[in-house]
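Chemist: Numbering (this note's numbering), first residue to last: 220 to 340.
I'd like to ask you about the structure that follows.
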Amino acid sequence: MHTLVYADDAEAARDFFRDVLGWPHVDAGGGWLIFRTGPSEMGVHPTSDDRGGEPWSTRPHHEISLMCDDIESTVAELEAKGAEFTRGIRDDRYGLTTSLKIPGAGEMTLYEPRHPVAFEG
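Put into structure tokens, the structure is as follows:
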């Protein structure tokens with residue numbers, strides 16, 4: 220799977236993935252860094268549902284989430300490297316989550332899953 224992140228400040232976003240998250244990468248030339256993102260999985264969710272009597276809906280869209288084994292230690296490690304989070308850790312049904320600010324590219328969810336994962340890693 221090849222994932223793309225479109226950023227208003229692509230250089231700042233690349234620097235963040237390289238320097239703060241520490242992701243291995245290759246230089247494709249001209250400043251284009253391609254990052255190795257490791258094991259992955261993909262789920263498909265409905266755009267509307269009734270979660271225990273609480274109806275909700277959303278527009279069709281895609282979302283990138285970063286998974287971790289221990290959200291509290293991961294948040295502390297990333298904050299020590301200068302990462303910013305836009306909210307505290309929240310207990311969602313599928314796991315513990317927070318929102319990580321990506322320079323020039325909005326936010327990504329960081330979460331510690333409670334569900335079985337679809338990869339070995």
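Ideal placement from N, C-alpha and C gives every residue a C-beta, glycine not left out.
Whole angstroms is fine: what's the gap from residue 245's alpha carbon to residue 321's?
Modeler: 20 Å
Chemist: Could I get the ranges of all uninterrupted alpha helix (DSSP H) runs contained in the region 264 to 319, with 4 residues as the minimum, in chain order?
Modeler: 290 to 299
Chemist: Leaving out five residues before and five after residue 288 in sequence, what residues of the same chain have Cβ atoms less than 8 Å from its Cβ?
Modeler: 331
Chemist: Consult DSSP for residue 326 and reduce its assignment to one of helix, strand or coil.
Modeler: strand
Chemist: Tell whether a beta-carbon distance below 7 Å holds between residue 323 and residue 247.
Modeler: no
Chemist: Going by DSSP in three states, residue 224 sits in which element: helix, strand or coil?
Modeler: Residue state for residue 224 is assigned as coil, using DSSP reduced to three classes.
Chemist: Using three-state DSSP, classify residue 245 as helix, strand or coil.
Modeler: strand
Chemist: Taking a contact to mean a Cβ-Cβ separation below 7 Å, would you say residue 267 touches residue 328 in this structure?
Modeler: Not closer than 7 Å, so no.
Chemist: CA-CA distance, residue 293 and residue 269?
Modeler: 32 Å
Chemist: Assuming contact is defined by CB atoms lying nearer than 7 Å, are residue 333 and residue 314 in contact in what I supplied?
Modeler: Yes; because the gap between Cβ atoms is below 7 Å, this pair is in contact.
Chemist: Quick check: what's the CA-CA separation for residue 310 versus residue 235?
Modeler: Looking at the two C-alpha atoms, the distance is approximately 26 Å.
Chemist: If you draw a straight line from the C-alpha of residue 255 to the C-alpha of residue 264, how long is it?
Modeler: 25 Å
Chemist: What do you get for residue 223, buried or exposed, if any count of 16 or more other CB atoms within 10 angstroms of its CB means buried?
Modeler: exposed
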